[in-house]
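Asker: Dumping the structure here so I can ask a few things about it.
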Amino acid sequence: MATELNISVISAIHGIVTGNEAVVLVSGTEGNRPILKLNDSNKSDSLQSVDGDTSKWKGVLTGFTVGVNKLIANEAGDEASVAVRGFPIEGPVFSGPHIQPWKCTTEQNGLGPAVDAYCNAPTVTKYYYMDVKASDFLPYDQNSPPKPEQLAYTTTDAGVTVPYIIRHEKGTANRGVWELATLYNPHEPWTAINPQKGWNRKLYIVAFGGWNQKYSQSVLQTGLTPELKYTVFIDMALRRGFMVARSTQMQSNTNSDSIRAAESILMLKQHVMVHYGEILYTFASGPSGASIMQQMIANQYPGLFQGIMPLSSVHSSWYVPGISIESKLLEHYWTKTSPSLWKDAKARLAVDGHQDHDIMEFWNTVFGSEKTGGVDPTQGTGLEPDQTYSPQTNPAGARGTLQDYQVNYLGRRLPSEWSHMEAEIRKGFANLPWDNEGIQYGLNALLNHQISVEQFLDLNEKVGGVDIDANFIPSRTVASLVALERLHRCGLINDFSHLAEIAILDIRCPEREDPIRSHTQFHTWVSRTGLIQAQGHAENQAIWMCPGFRTVQGPPESAFVLMDSWLSSIYKDTSDLSLAEKIRKNRPSNLSDGLWTPDGTSIGDLEDMNTTYATFGDPRTVAACNNPKAMFIAKPQLKPVELADYPGVKFSELELQRLKRIFPNGVADWEKPGIGQTQSIPWLSYESGPGGIPISVDRT
Numbered sequence: 244m245a246t247e248l249n250i251s252v253i254s255a256i257h258g259i260v261t262g263n264e265a266v267v268l269v270s271g272t273e274g275n276r277p278i279l280k281l282n283d284s285n286k287s288d289s290l291q292s293v294d295g296d297t298s299k300w301k302g303v304l305t306g307f308t309v310g311v312n313k314l315i316a317n318e319a320g321d322e323a324s325v326a327v328r329g330f331p332i333e334g335p336v337f338s339g340p341h342i343q344p345w346k347c348t349t350e351q352n353g354l355g356p357a358v359d360a361y362c363n364a365p366t367v368t369k370y371y372y373m374d375v376k377a378s379d380f381l382p383y384d385q386n387s388p389p390k391p392e393q394l395a396y397t398t399t400d401a402g403v404t405v406p407y408i409i410r411h412e413k414g415t416a417n418r419g420v421w422e423l424a425t426l427y428n429p430h431e432p433w434t435a436i437n438p439q440k441g442w443n444r445k446l447y448i449v450a451f452g453g454w455n456q457k458y459s460q461s462v463l464q465t466g467l468t469p470e471l472k473y474t475v476f477i478d479m480a481l482r483r484g485f486m487v488a489r490s491t492q493m494q495s496n497t498n499s500d501s502i503r504a505a506e507s508i509l510m511l512k513q514h515v516m517v518h519y520g521e522i523l524y525t526f527a528s529g530p531s532g533a534s535i536m537q538q539m540i541a542n543q544y545p546g547l548f549q550g551i552m553p554l555s556s557v558h559s560s561w562y563v564p565g566i567s568i569e570s571k572l573l574e575h576y577w578t579k580t581s582p583s584l585w586k587d588a589k590a591r592l593a594v595d596g597h598q599d600h601d602i603m604e605f606w607n608t609v610f611g612s613e614k615t616g617g618v619d620p621t622q623g624t625g626l627e628p629d630q631t632y633s634p635q636t637n638p639a640g641a642r643g644t645l646q647d648y649q650v651n652y653l654g655r656r657l658p659s660e661w662s663h664m665e666a667e668i669r670k671g672f673a674n675l676p677w678d679n680e681g682i683q684y685g686l687n688a689l690l691n692h693q694i695s696v697e698q699f700l701d702l703n704e705k706v707g708g709v710d711i712d713a714n715f716i717p718s719r720t721v722a723s724l725v726a727l728e729r730l731h732r733c734g735l736i737n738d739f740s741h742l743a744e745i746a747i748l749d750i751r752c753p754e755r756e757d758p759i760r761s762h763t764q765f766h767t768w769v770s771r772t773g774l775i776q777a778q779g780h781a782e783n784q785a786i787w788m789c790p791g792f793r794t795v796q797g798p799p800e801s802a803f804v805l806m807d808s809w810l811s812s813i814y815k816d817t818s819d820l821s822l823a824e825k826i827r828k829n830r831p832s833n834l835s836d837g838l839w840t841p842d843g844t845s846i847g848d849l850e851d852m853n854t855t856y857a858t859f860g861d862p863r864t865v866a867a868c869n870n871p872k873a874m875f876i877a878k879p880q881l882k883p884v885e886l887a888d889y890p891g892v893k894f895s896e897l898e899l900q901r902l903k904r905i906f907p908n909g910v911a912d913w914e915k916p917g918i919g920q921t922q923s924i925p926w927l928s929y930e931s932g933p934g935g936i937p938i939s940v941d942r943t
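One rule links them: number in the working numbering = place in the sequence shown (from 1) + 243.
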């Protein structure tokens with residue numbers, strides 16, 4: 244019986260092609276090369292049989308255009324067709340209109356001048372080899388190769404022994420810069436249809452931490468210190484046969500928008516598929532802000548990664564602006580508004596919730612100066628002053644806040660909300676989806692008798708909020724309903740709803756050992772809670788705490804090997820189980836939660852970890868009395884002030900009336916869903932405007 248003729252485009256996400264090339268597979272033929280047309284152009288000569296099987300034909304096709312592309316295959320009277328949508332290599336695909344202005348940095352990245360306004364530049368390829376004596380990568384000259392005794396060899400995880408020569412490629416996509424490295428013998432052929440055996444067809448994405456909103460292509464980061472290098476030349480991956488890649492759009496210290504980062508990963512994977520071959524699976528790793536990016540992308544655009552390894556995890560993008568604002572509000576209140584009431588450092592720390600004062604100081608200094616760090620619209624754009632927002636001299640300039648960086652998703656403020664700067668330029672700034680109405684700062688400290696009633700009342704009466712320019716204001720900040728709805732709908736506050744089909748290994752050192760003080764370990768437990776709330780379990784997540792290990796330097800090799808083993812077992816599982824079930828079934832038996840040494844030795848279980856290394860919180864967890872639901876709610880519903888909610892606390896009648904005046908609309912009710920809180924929707928496109936429209940993708 245004849246097999247039905249079928250045609251498909253092999254891409255990172257089926258149905259989407261970026262650039263003008265893609266791999267096409269025609270199957271079900273009866274032995275003859277099919278006639279293949281792309282937009283009426285004959286591409287039959289591009290096809291070749293797959294491993295000698297003349298019922299399957301594959302080829303790299305050039306000529307895809309922006310918009311709908313139609314492919315038609317004919318063979319022995321049978322016809323099959325498929326339509327895919329093409330997008331330009333500079334994007335956008337789903338992130339919405341390009342934000343402007345945008346600085347090109349191709350020359351700083353060694354690519355020469357940009358060839359257009361979209362920061363595109365020709366790809367640059369170089370070769371390196373592992374030198375036996377130097378135990379390091381050195382330039383490889385094809386015309387004058389190193390002596391045989393200088394060239395190391397490696398045996399990949401597939402058992403293939405090859406010269407340890409690396410192809411290093413650097414190029415542009417999505418107005419960013421990417422680079423990759425893989426085992427590659429320049430003296431032998433390689434096509435996407437017949438890749439060399441040195442590549443194990445696995446892709447490892449290296450992500451960089453930090454946090455900023457640069458209006459720039461940016462520069463591939465090299466590291467925090469000389470001993471903490473960030474590079475694609477990672478021996479533990481390359482020698483095993485992995486391809487290692489990264490992008491400036493996957494660097495949260497230059498791009499903190501996970502949606503543009505996801506778009507860039509899609510384009511990078513498309514490049515790999517066209518020029519190197521099909522990918523078995525992709526997993527990523529990176530610390531701090533990079534841990535945010537991994538978890539956000541995995542939830543917002545599931546299928547781009549099959550595994551993630553968040554290091555020194557922070558759970559969600561919009562956590563950063565929120566903690567930045569609240570840290571500044573509290574510091575301003577304690578030092579400027581009521582300093583005489585808060586001389587006791589222990590009382591301040593009880594409200595702050597962190598392990599020590601250094602952590603709040605980190606948020607106050609690293610993420611800003613005189614205003615609310617990380618949310619000041621006059622800072623962080625990476626642009627010249629004449630292009631950057633100034634309320635006095637340039638109200639139309641680019642604004643350095645996360646909401647303005649994400650204006651395509653959150654939308655702009657209505658005229659009724661405009662400041663005089665917005666009225667002057669006749670355009671609203673982006674909606675700010677942060678709110679502190681009804682938040683009872685220091686509530687848990689009050690209930691535990693760590694602060695007095697007067698301190699609690701004075702704090703909540705005077706702490707205030709911020710305006711759209713991050714200036715302190717006496718009243719609380721109230722977000723618009725549309726901003727809150729879009730925040731949740733777009734997954735900008737991580738709800739962990741779409742992570743059942745990804746393997747997660749969360750790795751961190753104890754909080755007190757982490758040199759970067761913002762890496763508070765409660766985020767790991769927020770992620771765990773989010774997974775359980777969303778899917779009823781967290782069996783696809785393992786938690787490692789590694790005393791003495793600096794997670795900012797990358798994952799331990801033992802963890803890298805375990806993640807690969809996990810994904811490899813899933814890939815080889817041909818049962819009828821769902822992907823989510825395969826992930827749970829194939830989790831390595833020795834991959835358990837608890838205390839681990841970097842070499843992969845278990846030294847304690849989950850109970851040991853919690854007993855040995857206490858977990859602290861932040862001002863919002865103190866206000867919510869450690870209710871984990873608070874981390875998934877941007878604005879809580881409000882309830883009336885009731886004395887029963889303050890057990891053990893004695894309010895006088897005057898104090899009770901004062902409390903009710905402080906919260907005229909009520910106080911936060913963390914047991915109810917938040918205002919505007921809905922489950923996030925994956926694979927949204929913002930081509931048609933804020934809020935997004937789901938796009939149909941085939942992730943099989």
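Don't be surprised by glycine CBs; every beta carbon is placed ideally from N, CA and C. Predicted model, so just to flag it, every value in this text is computed and none were measured.
Where do the ends of the alpha helix (DSSP H) carrying residue 729 lie?
Answerer: Element bounds for residue 729: 724-732.
Asker: Counting only runs of 3+ residues fully inside the segment 706-791, write out the beta strand (DSSP E) ranges in chain order.
Answerer: DSSP runs (the beta strand (DSSP E)) wholly in the segment 706-791: 746-751, 784-788.
Asker: Could you spell out the range, first to last residue, of the alpha helix (DSSP H) harbouring residue 543?
Answerer: First-last of the alpha helix (DSSP H) with residue 543: 532-543.
Asker: So residue 535 and residue 570 are supposed to be a Cβ contact under 8 Å. How far apart are they, rounded?
Answerer: Actually they do not touch by this definition, with Cβ atoms about 18 Å apart.
Asker: Express the C-alpha separation of residue 399 and residue 612 in angstroms, rounding to a whole number.
Answerer: Note that residue 612 scores a pLDDT of 45, beneath 50, so its modelled location is shaky and nothing firm can be said.
Asker: Can you give me the start and stop residues for the alpha helix (DSSP H) that residue 900 sits inside?
Answerer: Residue 900 -> alpha helix (DSSP H) spans 896-905.
Asker: Relative to the alpha-carbon of residue 522, which residue among 529, 839, 514 has its alpha-carbon at the smallest distance?
Answerer: Of 529, 839, 514, the residue nearest in Cα terms is 514.
Asker: Which residues bound the alpha helix (DSSP H) around residue 366?
Answerer: Unbroken run through residue 366: none, as it is neither H nor E.
Asker: Output yes or no for whether 8 Å exceeds the beta carbon distance between residue 679 and residue 708.
Answerer: Yes, the pair counts as a contact, with Cβ atoms nearer than the cut-off.
Asker: For residue 276 and residue 290, I'd like the C-alpha separation in whole angstroms.
Answerer: Looking at the two C-alpha atoms, the distance is approximately 7 Å.
Asker: Looking only at its chain, what residues have a beta carbon closer than 7 Å to the beta carbon of residue 504, apart from the 5 residues adjacent to it on each side?
Answerer: Taken in chain order, the residues that qualify are 492, 493, 498, 536, 540.
Asker: Going by DSSP, what residues sit across from residue 269 in a beta bridge?
Answerer: DSSP, once it has assigned bridges, lists 250, 300 as partnering residue 269.
Asker: Rank 674, 867, 294 by C-alpha distance to the C-alpha of residue 646 and give the top, closest one.
Answerer: Here the closest residue by C-alpha is 674.
Asker: Taking residue 822 as part of the alpha helix (DSSP H), name the residues at either end of that continuous run.
Answerer: 822-828 is the extent of the alpha helix (DSSP H) around residue 822.
Asker: Tell me where the alpha helix (DSSP H) around residue 618 begins and ends.
Answerer: It is not in any alpha helix (DSSP H) - residue 618 carries neither H nor E in the DSSP assignment.
Asker: Helix, strand or coil for residue 411? Go by DSSP, reduced to three states.
Answerer: Strand at residue 411.
Asker: Just mark residue 246 as buried or exposed, buried being the case when its beta carbon has 16 or more other beta carbons within 10 Å.
Answerer: With fewer than 16 other Cβ atoms within 10 Å, it is exposed.
Asker: CB-CB under 8 Å to residue 244, same chain, minus the five flanking residues each way: which ones, in chain order?
Answerer: Any reading at residue 244 must be qualified, since the residue scores a pLDDT of 40, below 50, and its modelled position is unreliable; the value itself is stated next. There are no such residues.
Asker: Rounded to a whole number of angstroms, what is the C-alpha to C-alpha distance between residue 787 and residue 748?
Answerer: Rounded to the nearest angstrom, the two C-alpha atoms are 7 Å apart.
Asker: Who are the Cβ neighbours of residue 346 in its own chain at under 6 Å, not counting the five residues just before and after it?
Answerer: Cβ neighbours of residue 346 beyond the five flanking positions: 459.
Asker: From residue 885 to residue 891, what distance separates their C-alpha atoms?
Answerer: Taking the straight line from one Cα to the other gives about 13 Å.
Asker: For the beta strand (DSSP E) containing residue 815, name the first residue and the last one.
Answerer: Not the beta strand (DSSP E): residue 815 falls in the alpha helix (DSSP H), residues 800-815.
Asker: DSSP state of residue 244, grouped into three classes?
Answerer: Any reading at residue 244 needs caution, since the residue's pLDDT is 40, under 50, leaving its predicted position unreliable; the model's value is listed next. Three-state result, residue 244: coil.
Asker: So, with DSSP's three-state summary, where would you put residue 382?
Answerer: In the structure shown, residue 382 sits in a strand (DSSP, three-state: E or B).
Asker: According to DSSP, residue 406 sits in a beta bridge with which residue or residues?
Answerer: In DSSP, residue 406 forms a bridge with 396.
Asker: Considering only residues of the same chain and omitting the five flanking positions on each side of residue 822, which have a CB-CB separation below 6 Å?
Answerer: The residues are 744.
Asker: How would you write the range of the beta strand (DSSP E) that residue 317 sits in, first residue to last?
Answerer: Per DSSP, residue 317 belongs to the beta strand (DSSP E) from 310-318.
Asker: Is the beta carbon of residue 582 sitting closer than 8 Å to the one on residue 554?
Answerer: No, these two residues do not count as a Cβ contact at 8 Å.
Asker: On the criterion of 16 or more Cβ atoms from any shown chain inside 10 Å, does residue 668 qualify as buried, or is it exposed?
Answerer: Its Cβ having fewer than 16 others within 10 Å, residue 668 is exposed.
Asker: Give a single yes or no on whether residue 925 has its beta carbon closer than 7 Å to a heavy atom of the ligand ATP.
Answerer: The ligand ATP is not part of the structure shown, which contains no ligands of any sort.
Asker: Going by beta carbon distance, what residues of the same chain come within less than 7 Å of residue 703, once the five residues before and after it are set aside?
Answerer: 683, 684, 905.
Asker: Would you report the Cα separation of residue 568 and residue 863, rounded to the nearest angstrom?
Answerer: When rounded, the distance between both Cα atoms is 11 Å.
Asker: Quick check on residue 936: buried or exposed, where buried means 16 or more other Cβ atoms within 10 Å of its Cβ?
Answerer: Residue 936 comes out exposed.
Asker: Can you say whether residue 731 is buried or exposed, counting buried as having 16 or more other CB atoms within 10 angstroms of its CB?
Answerer: The residue in question, residue 731, is buried, as its Cβ has 16 or more Cβ neighbours within 10 Å.
Asker: Would you give the residue range spanned by the alpha helix (DSSP H) that residue 601 belongs to?
Answerer: Where residue 601 is concerned, the enclosing alpha helix (DSSP H) stretches over 600-609.
Asker: Assign residue 422 to one of three DSSP states: helix, strand, or coil.
Answerer: Residue 422: strand per DSSP, three-state reduction.
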